[in-house]
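Chains as they are written, first to last, in this note's numbering: chain A, 11 to 226; chain B, 138 to 392.
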C-alpha cells in the first residue's frame, strides 16, 4: 500500500467508513419508501377517490413538494455511492460476468443483477420522479391518462420489476454485509426476500392494471 | 459401476515461450474412494509426467491443492470424484500468480496481505522466557482457534468477485485473520489502530457481500459472520468522537 502524504488524507481517513454508512442508510430509506409507495399507490385499488385523497394529503402537508425532492437527492446520492463499487471499465465488466458464470453461484449473480438494475434505475426512476414531481398535483385521472399510450405501460412494467429486484436484493445484501443476516439465518432471509419481491411485484402490477382500466 | 472420467485440464507453462494456454483432455477409470488428488497423481504417473499441480498433505491441512473444480474453487484432496459428474473441468485459481498448469503461488499473495495488516500480536510486554504462560479463558481460546483454522488455500480469494475486479482488495481470509487478532486479548491494538489497517475500501468496506468466500471455504470458517462483525466494528470506529463512544457500548473489545 503506498502512503498518501497529502495533508488532507490525515483528516479524511475515516471517509470510507462514513461513505459505507451513507450507502447503507440511503439504501435502507429508499427500500422503506419503495414499500410505502406501493401502499400509497395501492389506495387506487379502492378507487380513484381514495387515491386522490391520499395524494391530496401529501400535497396539503407539503410532503410531496419538500419530501419528493429530498428523496430525489437521496436517490442520486445512493446512486453515486453505489457506483463506487460498480465495474465501469470493460475489462472489469467482462471479468465479473465471466466470474459469475464460472462460479454458477446465486449470490454472485445477485450482485450482477443488482449492478445492472441499479444502472437502469438511475435513469428510469429519475424520469418517473421528474414527471410526477414536475406536474403536481398527483391525481388518479392523470395516472390513467398517462397509461393510455402503451409506451408508459412498458416503462412502468420495467420500473416495477427492476425496482423490486434492486430494492429487495439490496436489503438482503445490507443484512449480509452488516452481519444481521448470519450464516444461520441466511436461508430464512433469502426466503423472506423472495416473498418481498413477489408481494411488491404483484401489488404494483395490480395497481398498474387498476390505473390502466380506470375510467375517470 | 466404475465410470470413465473425462478430465479437461488447463495447461500453460509461463516459463516456456512456446507454451500457449489451452485445455487438455484426459480419460481415467474411476476407483473406489477416489479423490481428485489421487486422480491427478494417477494421470501424472501413467499418462503425462509434465502435468503440474501442487499437493503436500493430502488431508485438507496444507491448502496447496486448491484449484477451480467445475467452476468452483476447492481442495483437490478433499473432493471425491463420486461427487462430481463424468466430466471434470480443472483450472488454476485465478488472482494468484500462475506457476504452471494447475499450480499457483498463493504464498507471495498471503505474505503481502499479512504484512499490510501486520498479522502478528502487537504487545508492549517484554517476553520473559522463564515466566509461566498467561492463561486464557477456554471459550475464548476456542473462539480464536475457530478463526485460526484458516489454511490460506486461497479458495475464498479466487471465489470473490471483488478480489477479482480489484487487485488491492484484502479478501475474506485476510479480514478473518484480523478478526482473529481483534479478539485475542494479547494483541493491544485499539479499534482506532485496527481501523487504520482495514477501515478502507480495500479492506472491510470493499466487501460487497457476494458470499463466494462463505460458500467455497473448504474449512467452513464462518467468513460471512466475521465479515459482518468486522464491518460493524469498523463502521462504528469510523464515527469517532461522541457518536462513536455512544455506539462503542455495542462493540466493546473483549479485554
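Heads up, the beta-carbon is just placed ideally off N, CA and C, and yes, glycines get one too.
Contact of residue 110(A) with chain B is assigned, a C-beta pair being separated by under 9 Å. Under the DSSP definition of a beta bridge, residue 235(B) partners with 241(B).
The beta carbon of residue 343(B) sits closer than 8 Å to the beta carbons of 299, 303, 306, 307 and 337 from its chain, once the five residues preceding and following it are set aside; these are given in chain order. The continuous alpha helix (DSSP H) containing residue 79(A) extends over residues 78-93. Only those residues of the segment 336-351 of chain B whose C-beta falls short of 9 Å from the nearest C-beta of chain A are listed: 336, 337, 338, 339, 340, 341, 342, 343, 344, 345, 346, 347, 348, 349 and 351. Against residue 296(B), the close residues of chain A are 109, 113, 115 and 118, in the order they occur along the chain (beta-carbon pairs closer than 9 Å). Counting along the chain, the unbroken beta strand (DSSP E) around residue 164(B) starts and ends at 159-166. Contact annotation: the segment 277-293 of chain B touches the segment 193-205 of chain B, with at least three C-beta pairs closer than 8 Å. Less than 9 Å divides the Cβ of residue 362(B) from the Cβ of residue 189(A). Rounded to the nearest whole angstrom, the C-alpha separation of residue 335(B) and residue 50(A) is 43 Å. Pairwise C-beta distances place the segment 318-331 of chain B out of contact with the segment 91-104 of chain A, as fewer than three of them are shorter than 8 Å. The three-state secondary structure of residue 127(A), taken from DSSP, is helix. Rounded to the nearest whole angstrom, the C-alpha separation of residue 174(A) and residue 207(A) is 6 Å. Put simply, of 171(B), 196(B), 230(B) and 257(B) the residue whose alpha carbon is nearest the alpha carbon of residue 219(B) is 171(B). The criterion of a C-beta distance shorter than 9 Å is not satisfied by residue 179(B) and residue 141(B). By the criterion of at least three beta-carbon pairs nearer than 8 Å, the segment 35-48 of chain A is in contact with the segment 174-187 of chain A. Taking 9 Å as the threshold, the shortest C-beta distance from residue 199(A) to chain B does not fall below it. Taking the C-beta atoms as reference points, residue 262(B) is found no nearer than 9 Å to residue 246(B).
If you draw a straight line from the Cα of residue 149(B) to the Cα of residue 237(B), it is about 6 Å long. Per DSSP, residue 36(A) lies in no beta strand (DSSP E); the unbroken alpha helix (DSSP H) holding it starts and ends at 25-52. The C-alpha of residue 88(A) lies about 20 Å from the C-alpha of residue 48(A). Selection 280(B), 369(B), 194(B) and 156(B) evaluated against residue 341(B) yields 369(B) as nearest (Cα-Cα). Of all residues in the segment 359-378 of chain B, those with a C-beta nearer than 9 Å to a C-beta of chain A are 359, 360, 361, 362, 363, 364, 365, 366, 367, 368, 369, 371, 372, 373, 374, 375, 376 and 377, reading in chain order.
Under the Cβ criterion of 9 Å, residue 208(B) is counted among the residues facing chain A. Per DSSP, reduced to three states, the secondary structure at residue 356(B) is coil, with no helix or strand assignment.
Contact between the segment 153-160 of chain A and the segment 313-324 of chain B is absent, with fewer than three C-beta pairs closer than 8 Å. Of 215(B), 209(B) and 158(B), the smallest CA-CA separation from residue 176(B) is found for 215(B). At least 9 Å separates the CB of residue 233(B) from every CB of chain A.
The Cβ-Cβ distance between residue 331(B) and residue 374(B) falls below 9 Å. For residue 243(B), same chain residues with a beta-carbon under 6 Å away, outside a window of 5 residues either side, are 233 and 291 in chain order.
Beyond the five residues adjoining it in sequence on each side, residue 29(A) comes within less than 7 Å, by CB distance, of 91 in the same chain, given in chain order. Residue environment analysis places residue 187(B) among the exposed positions, since fewer than 16 neighbouring C-beta atoms fall within 10 angstroms of its C-beta. Closer than 8 Å at the C-beta level to chain B, one finds these residues of the segment 26-40 of chain A: 26, 27, 28, 29, 30 and 31. Contact annotation, residue 147(B) with residue 227(B): C-beta distance approximately 6 Å; criterion of less than 8 Å satisfied.
DSSP, read as helix, strand or coil, puts residue 282(B) in helix. Within 8 Å of the CB of residue 301(B), the CB atoms of chain A belong to 105, 106 and 109, in sequence order along the chain.
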